[in-house]
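These protein sequence lines map, in sequence, to chains A and B. Using our numbering, you'd call the opening residue of the first sequence number 149 and step up by one each time. Using our numbering, you'd call the opening residue of the second sequence number 36 and step up by one each time. Even glycine gets a Cβ: it sits at the ideal position worked out from N, Cα and C. If you're wondering where the values come from, they're calculated on a predicted model, not measured in any experiment. Let me begin by presenting the structure, written as structure tokens, before commenting on it.
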Amino acid sequence: MNSIRINKKEYTVDVDKEMPLLWFLRDYVGLTGAKYGCGVAQCGACVVHLDGEAVRACVTKMKRAIGKEVTTIEGLSENGDHPLQLAWKDVDVPQCGYCHAGQIMSAAVLLRERPTPTDQDIDDAMAGNICRCGTYSRIRKAIHQAAELQKQKG
Amino acid sequence: MKIDKEKKEITKFRLPVTLSVIGLFLIGIVSAFSDDAHYTENKEIAVLVKKDSARSVHAFKKVYAVLQSPRCMNCHPSGDIPLQGDDSRLHAMFPKRGADGKGILAMKCTNCHQAENSAGLKTPPGSPDWHLPPANMKMVFQGRSAPELAKQLVDLKQNGNKDLKALIAHADDGLVKWGWNPGEGRTLPPISHAEFKEAWITWLTNGAYAPAQ
Chain A
149 MNSIRINKKE YTVDVDKEMP LLWFLRDYVG LTGAKYGCGV AQCGACVVHL DGEAVRACVT
209 KMKRAIGKEV TTIEGLSENG DHPLQLAWKD VDVPQCGYCH AGQIMSAAVL LRERPTPTDQ
269 DIDDAMAGNI CRCGTYSRIR KAIHQAAELQ KQKG
Chain B
36 MKIDKEKKEI TKFRLPVTLS VIGLFLIGIV SAFSDDAHYT ENKEIAVLVK KDSARSVHAF
96 KKVYAVLQSP RCMNCHPSGD IPLQGDDSRL HAMFPKRGAD GKGILAMKCT NCHQAENSAG
156 LKTPPGSPDW HLPPANMKMV FQGRSAPELA KQLVDLKQNG NKDLKALIAH ADDGLVKWGW
216 NPGEGRTLPP ISHAEFKEAW ITWLTNGAYA PAQ
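Next up, the structure:
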């Protein structure tokens, strides 16, 4: 078995299995939303979902990802209308924007498991996503807003 | 003539006196290790094993030194955040234990920790099933004295319900053995895994005595 499903599309993996998933996504599939930040799982810019969990693609090798379901920021919603994406736009969260694909992918796992997160839940879930521009207060506001939107959508 | 007689008298008493001195010396050594040592309350161990407090306590000293080393203690913290580094500081990002010991929300252990060590310095170490003890069985090593930890390790209510067989098998657990293959830049435990395993089994099979201090 040498296939991987990315954003609901099947891909054949014909690369070194030691290659980080982030390289495959960006250089072979052309999905450049997930970013290379630190390369050692310290910053969170590369977060994607692997079977629903917010893994760091820079240290996740292809041998772990093969046969699994990957979702990147490009596949989080059909039309860029995930409650988090809508709230992010409304609150105008990003400054430079480099870390925000990772921020949103981590926040998506948070909202799935805690539909109405407290500030403490947000701190617990987002502590591994670093923003050099310091947009943390807007990230918190957008997550609360997205939780409201999600509730309204049912 | 008088001197010869005295010499004979001394020779007559030499052997018993020497034996007594050796005997007292041996008792002293045993006492040093076993004074007030607590025999295990684990009934299975009590039935199955020899009772040799000196040997058991002596072996536990080695076991304790390993369990207090950062490679073991960092994932057996007293709080709900793992430790990291040779200085056992709080783990960066403050990931939390969670009910199953595998983290919470977007901060699960295996989001960063792979099934093997990541290459390079200051990269995430890894082993299959990387986790902390679960919230209902924290198995804390940090801050435990030697007698406290010895009693805890054989207490079914605090050791994950491990019987003697499971405890012995645990020496070869994948995460335990990771301690001797921790990746670049991490100090190894003070003795080899083989020496640790021998000390662990010696401690258990000689009564799992808790040292006096």
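- Put simply, the CB of ASP199/A is far from chain B, with every gap to its CB atoms at 8 Å or more.
- Any Cβ of chain A closer than 8 Å to the Cβ of ASN216/B would place that residue at the interface, and such an atom is absent.
- Distance from the CA of TYR184/A to the CA of ALA154/B, rounded to the nearest whole angstrom, comes to 17 Å.
- Excluding residues up to 5 positions away in sequence, ARG204, CYS206, VAL207 lie with their Cβ nearer than 7 Å to the Cβ of ALA189/A in the same chain.
- In the DSSP assignment, no residue is bridged to ARG132/B.
- Measuring C-alpha to C-alpha distances from GLU166/A to each of LYS157/A, LYS211/A, GLY178/A identifies LYS211/A as the nearest.
- DSSP places THR208/A in the coil class of the three-state scheme, outside both helix and strand.
- Around THR208/A, the beta-carbon contacts reaching into chain B at under 8 Å are GLN149.
- In the three-state DSSP reduction, GLY276/A falls in the coil class, being neither helix nor strand.
- DSSP places HIS73/B within a strand segment (E or B) once states are collapsed to three.
- Where GLU158/A is concerned, the enclosing beta strand (DSSP E) starts and stops at 157-160.
- Contact with chain B is absent for ARG288/A, since none of that chain's Cβ atoms lies less than 8 Å from the residue's Cβ.
- The beta carbon of ALA134/B sits no closer than 8 Å to any beta carbon of chain A.
- Under the DSSP assignment, HIS205/B falls in the alpha helix (DSSP H) whose first and last residues are 199-205.
- By the 16-neighbour rule on beta-carbons within 10 angstroms, MET172/B is exposed.
- In terms of beta-carbon proximity, LEU258/A lines the interface with chain B, with at least one pair separated by less than 8 Å.
- The stretch 108-125 of chain B makes contact with the stretch 158-173 of chain B; the number of CB pairs closer than 8 Å reaches 3 or more.
- Boundaries of the alpha helix (DSSP H) around ARG90/B: 88-102.
- Nothing from the stretch 223-244 of chain B brings a Cβ to less than 8 Å from some Cβ of chain A.
- Nearest CB-CB separation between MET128/B and chain A: below the 8 Å threshold.
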